[in-house]
Each structure stands twice: as C-alpha cells, then as structure tokens.
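Structure, as structure tokens:
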C-alpha cells in the first residue's frame, strides 16, 4: 500500500476531530473498514510516517524500543484507567513507557513522575550528557508518538490533542492496533504481524506551540 501524506494549515481542528473520532468508531466496530488514518504532528516532516523509530538509548537501560520489538508499546504518562480500558478490550501485548526530559528541572522531578506513573509502567530518565531522546524523536512536552509492532511511526500527537480527556490517544492506539496502516511487518523470520501499536510520550516542562494536521489516505 502507498500512503500519501497531505498537509493542512492551521486551523484544522474540526476536520482533525472528525477524522480521529471516525477512526475510533472504525476500530471499535469489527469488520468496519476505514480509509484514512489521521496524523496530528508538531513538525513539517511527513517522511517519518511508516518509517522505523530512530535508535535511542537510556544509560543503564539499553535501547527499550529494540528490546520491545514485536510488542505494542506505549511510551506515555497514561492514566491507569486508559491502560485498563485497553486491556479490557483485549488489546494485548501493549507495553507502556515514559521517557522524562533531559533538562535539570525535569530530572529534579523524576521521582515525582515515577511516583505518579501507574504500577508496572517504567519511567526512563535521560542522563545530562547523553544524546537527547526527545530530539531524536522530534518530540516535545506531552507528545505521543505511536508506532506499530515493527517500530514504524503511525501517529505523532501533540498538545492540545494529546490531553487524555480527548479521545485521540485511545483512537490512535485502537486504529494502529486494528488497522494495517503501514503494511505487513516481519518481526522474526516466518512470522507476519499486523496492526499493533507503540505510543511514545514525553514529559517535561517546556513546549513549542507548533501544530500541523496531516491526513494519510
């Protein structure tokens, strides 16, 4: 399948909301096909869609994305209610991760962030002199980056759409889980895995207000 990305100028909130809500409904109703996953991004580089995540490491923890290849991965500061809701919907093999910002102010808040994280969700803290994970991901405060099981980017959701009281994060998870957005992927020889999800969330204390809506028909 070929996925052409069309860029829309701000404002495009109404179309974006309708698109993701449609995705949520399509994922929730078995057998219903959807034609156009919607991407909400904070950058202008559409070429990242359906490309593997850039390599990044956390000192002392290796490369979490590589270790979790073949799983649905959620790198996010998620409310336990959303995680439990997804589990009740049989969205299995979902791993949740948090990557904290590298700056000193955010490092000082690491233990508070760890305390607030739901049980079983690891919180990774970047070292001061390591390569910046957020920069490698082209991410910013409160971003969610969604990848399939082969580590290919399907959604990059930014503020204000990443607030958890909106349905967009859940819609992105369900759409990537149930739809074959980037085509079949081979995780290991002879094993074809379709339609799974990885969400990347970044938590810090600075933000740039750049929002672009993209639709990938």
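In the UniProt record's numbering, the protein residues as written are 1 to 217. C-beta atoms are modelled at their ideal positions from N, C-alpha and C, and glycine is treated no differently.
Between residue 127 and residue 59 the beta-carbon gap is near 4 Å, inside 8 Å, which marks them as a contact. Taken atom to atom, the span from the alpha-carbon of residue 150 to that of residue 134 is near 20 Å. In the structure shown, the three-state DSSP call for residue 122 is coil.
Per the coordinates, the alpha-carbon of residue 181 lies some 23 Å from the alpha-carbon of residue 164. With contact defined as three or more Cβ pairs closer than 8 Å, the region 111-123 and the region 136-149 are not in contact. Linking residue 162 to residue 142 through their CA atoms gives a straight-line distance of about 7 Å.
153 is the residue among 153, 103, 55 and 100 whose C-alpha sits nearest the C-alpha of residue 183. For residue 146, the uninterrupted beta strand (DSSP E) run begins and ends at 144-147, by DSSP. Measuring C-alpha to C-alpha distances from residue 160 to each of 179, 174 and 140 identifies 140 as the nearest.
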